[in-house]
Amino acid sequence: MKKTLVVVVVFASLILSACGGSAAPSDTIDVTLTDFQYIPNSFTVPAGQEITLNSMNNGAVVHNFVIMKLGTTAGDMFDEEDMPNVFWEVEIQPGGSIGTTFTAPTEPGEYQVVCRTEGHIASGMTAKLAVVAGE
Ligand SMILES: [Cu+2]
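Last residue of the sequence shown: number 141 in the numbering used here, and the count goes up by one each step with no gaps.
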C-alpha cells in the first residue's frame, strides 16, 4: 500500500515537470501556423525583454499571431470590441514567413494568443503566452 503511494507521487511529479509550468523562458519564439493551429501552442518569455518571433504560415489562408492584453481574451470571435485589447500582432500570408521582434509585456502572467482571421478562433486557433519575471 505504502509503496503504491510513493510510486504515484513520483509519477505525478514527473508529469508536472514535463508539463511545462516551469518551462524555461526564451527570448525566441519559433512558431508554425497551419489551418488552424499554432505549433507549438504554448510559449514562455521573460517579462520586458525583446523577443524574436520567427513564424511560418504553412496554411492556405492568412493567419495572425495576436497577443491579447493581460486579463483579456477575444472570446469566440475576434471583432471590433477586441481591438483595444490587442497587445501586439503580426499577420502572416499563406506560404509566407516573418521574422520580427516585439517587447514582451512587463507584467508577468498568462496572455492569450489568437488568430484574428474570421472563424479561426472557433476552429481552435489559440495559444498561450506565459510571461515570467526576469531574475
Ligand atoms: Cu488563422
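Ideal Cβ placement from N, Cα and C applies to all residues, glycine included.
Indicate, with yes or no, if ligand 1 has a heavy atom lying under 7 Å from the CB of Met131.
yes
When the Cα atoms are used, what is the spatial distance from Pro111 to Ser61?
19 Å
With distances taken from CA atoms, which of Gly130, Thr107, Gly101, Asn63 is nearest Phe84?
Gly130
Here's the rule: buried if 16 or more other CB atoms are within 10 angstroms of the residue's CB, otherwise exposed. What is Ala133?
buried
Inter-residue spacing [alpha-carbon to alpha-carbon] between Cys25 and Pro31:
Any answer about Cys25 is weak, because its pLDDT of 49 lies below 50 and its placement is not dependable; what the coordinates show is given next. Cα-Cα distance, rounded: 14 Å.
Going by beta-carbon coordinates alone, are Asn47 and Pro100 separated by less than 8 Å?
no
To which residues does DSSP link Ile35 through a beta bridge?
Leu59
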